[in-house]
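Here is the structure we will look at, set down as structure tokens.
Numbering (our numbering), first residue to last: 10 to 276.
Right under this line is the structure:
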């Protein structure tokens, strides 16, 4: 027979249940506030910090974000209350300040007239600190989920600005593409690699045409790959969706690397 719980135990259980219900209510309220928030712009100097900030900033994260914002702009607006107090986006705001000081030209290009994109949530964070905290948590958890095509398009823009596909630690003065994308889209390096669809490229460029490898077998595989890639180029020669165009650019780069590998094998 199950033991009957004491009055104290029943009170504790009721208190825990009530706390859980309140937490769910705050989460639902925060989601509703974010959904009703309105896009706007504010001068950087008018975006205020909350009296109690909840997240410690990472200097490296801020620096990486500043570099990407210089190229891509602020992809995710800051979130502020009706008085301009920051609710979410502490790293992004700090990165914008770093960019303004380090590269005024890039800053002026991305933030014309010193105006920064924000989303305004219509309540006062000082009057409702619990809701302010929940909005911060909710915004960070529900950040936009980029499609593979969007990630590849961002990668192209970063490459055009000097970011490189490098393995391991980048050399001094070199900017690595994948870690930058990891910071921008909030995904792991493995997910970024999958989105960029570079597994096949790495498998080809890692091939060694000497040593223990069978040179004839490798060359045959490369020629087959060359044929398939050429077939793709012909099939999608006409402009298509942004995602297809991005893939076609990757195919073109891979074809060049395959051609180079075949020439080395022949030489």
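C-beta: ideal position from N, C-alpha, C; glycine also.
It should be emphasised that the depicted structure is a prediction, and the values quoted were computed from it without experimental measurement.
DSSP places residue 196 outside both helix and strand once states are collapsed to three, so it counts as coil. Taken through DSSP and simplified to helix, strand or coil, residue 75 comes out as helix. Burial state of residue 45 is exposed, judged by a 10 Å Cβ sphere holding fewer than 16 other Cβ atoms. Counting only residues of its own chain and dropping the five nearest sequence neighbours on each side, residue 103 has a CB closer than 6 Å to the CB of 66, 71. Apart from the 5 residues on each side of it in sequence, residue 86 sits with its Cβ closer than 6 Å to the Cβ of 126, 127, 128 in its chain, given in chain order. Of the candidates 228, 239, 48, the residue whose Cα lies closest to the Cα of residue 131 is 48. Taking the Cα of residue 54 as reference, the smallest distance to any Cα among 171, 242, 106 is reached at 106.
Residue pairing of residue 124 in beta bridges, as defined by DSSP: 52. Judged by beta-carbon spacing, residue 56 lies beyond the 8 Å limit of residue 88, meaning their Cβ atoms are not closer than that value. The C-alpha of residue 189 lies about 14 Å from the C-alpha of residue 182. Taking 8 Å as the upper bound for CB-CB distance, residue 50 and residue 97 are not in contact here, some 17 Å apart. Our two residues, residue 180 and residue 73, have alpha carbons roughly 16 Å apart in a direct line.
Exposed is the label assigned to residue 242, since fewer than 16 other Cβ atoms lie within 10 Å of its Cβ.
For residue 155, the secondary structure class from DSSP, reduced to helix, strand or coil, is coil. Selection 83, 257, 139 evaluated against residue 115 yields 83 as nearest (Cα-Cα).
The residue from 265, 263, 235, 137 with its alpha-carbon nearest to that of residue 92 is 137. Around the CB of residue 121, fewer than 16 other CB atoms lie within 10 Å, so the residue is classed as exposed. By the Cβ-count criterion, residue 95 is buried, with 16 or more other Cβ atoms from all chains shown falling within 10 Å of its own Cβ. Judged by DSSP secondary structure, residue 108 falls within the alpha helix (DSSP H) whose first and last residues are 99 to 111. Distance from residue 192 to residue 160 at the Cβ level is roughly 12 Å; contact not present, criterion being Cβ atoms closer than 8 Å.
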